[in-house]
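Heads up: the sequence shown begins at 218 in this note's numbering, then just goes up one per residue. We treat Cβ as the ideally placed atom computed from N, Cα and C, and that holds for glycine. In what follows, a structure is listed as structure tokens, so that the remarks can point back to it.
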Amino acid sequence: MKVYYPSKTTGSAKKLEGSIYVITFFVSETPWPLNEKMELFKFVRDAESWLEGKAKEYGKTVRFVNGVHGLFEPFEIDVVPDYNSGTPQTDIAQKYLKAAGCPSDTTYPAWIKKNSGCDQSLVFIIANKKGRGYANPICWESNGPEGTILYHSEENKLIASSIIHEFFHLFGAVDLYETDVQSADNSARMEIMYPKEVMHNHYFPLAELEISPLTAWLVGLSEKEESWFETFLPL
Ligand SMILES: [Zn+2]
């Protein structure tokens with residue numbers, strides 16, 4: 218089968234295996250109580266434990282190492298990115314890493330290795346405001362940082378399964394619900410095949426959440442390629 222979704226082989230989060238450094242940024246334009254941030258950080262750990270457990274089912278060892286900014290002291294950055302419609306920013310990971318003192322894209326993998334001992338990494342921004350979360354997987358030949366941003370507000374609270382969904386994107390998974398790249402037919406098909414698949418519908422308790430063989434293959438947990446995968450993959 219042809220290679221259609223190169224995110225699984227590019228960027229700082231290539232596949233779900235080995236030691237992975239997660240750099241979490243808590244950002245807010247207003248004072249943000251520590252206890253609420255601590256609660257959200259627990260969701261990050263819950264998401265990571267779920268991913269570690271899922272990898273184990275496929276015989277892979279995954280270990281997450283955490284770095285955090287903005288937990289005890291506010292993280293100083295000019296503006297907290299907003300995204301409700303239109304085109305999301307594609308350089309959020311770079312911007313935040315730069316503000317945290319990290320060097321350029323080219324020296325980034327070595328910097329990560331030196332600081333965390335990890336070969337892979339991802340940037341995770343938790344913004345204390347309303348907005349629509351998104352991921353920036355790298356789909357061209359680069360080892361640059363990949364990142365995702367999720368928003369937390371009173372009306373729209375962050376949940377662990379959303380973190381899992383976005384992290385999966387960075388390792389190469391694709392949306393399996395109806396979107397610009399996925400037809401209504403495909404979504405309906407997934408609803409029958411894997412209704413609780415995390416890239417299709419992640420609004421389930423972690424214990425019930427599952428991944429399809431397609432997602433497992435895209436993120437490198439499984440090498441088993443099946444003929445039906447092609448229908449769901451962007452050209
Ligand atoms: Zn998605």
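In or out: residue i buried (at least 16 other Cβ within 10 Å) or exposed?
i, result
"A424", "exposed"
"S379", "buried"
"P354", "buried"
"M255", "exposed"
"F289", "exposed"
"L251", "exposed"
"T365", "buried"
"I409", "exposed"
"Y420", "exposed"
"K259", "exposed"
"V296", "exposed"
"P362", "buried"
"T432", "buried"
Looking at the unbroken alpha helix (DSSP H) that takes in residue i, where does it start and where does it end?
i, result
"V279", "Note, V279: premise wrong, no alpha helix (DSSP H); beta strand (DSSP E) at 279-286."
"L431", "430-435"
When you measure from the CB of residue i to every non-hydrogen atom of ligand 1, does any distance come out below 6 Å?
i, result
"D336", "no"
"D397", "no"
"D263", "no"
"D392", "yes"
If I follow the unbroken beta strand (DSSP E) through residue i, where does it start and stop?
i, result
"A235", "The amino acid at residue 235 is misidentified as Ala; the sequence shows Gly. Note, G235: beta strand (DSSP E), 235-244."
"L251", "Per DSSP, L251 belongs to no beta strand (DSSP E); it is in the alpha helix (DSSP H), 251-274."
List the whole-angstrom C-beta distance separating residue i from residue j, where the pair is believed to meet the contact cut-off of C-beta under 8 Å.
i, j, result
"H369", "N345", "6 Å"
"K413", "Q337", "With a Cβ gap of about 27 Å, K413 and Q337 do not count as contacting."
"L438", "A272", "6 Å"
Legend entry - Secondary structure, alpha helix (DSSP H): runs of 4+ residues fully inside the stretch 298-360: 309-316, 325-333
Legend entry - beta strand (DSSP E) runs contained entirely in the stretch 355-412, provided each spans 3 or more residues: 364-368
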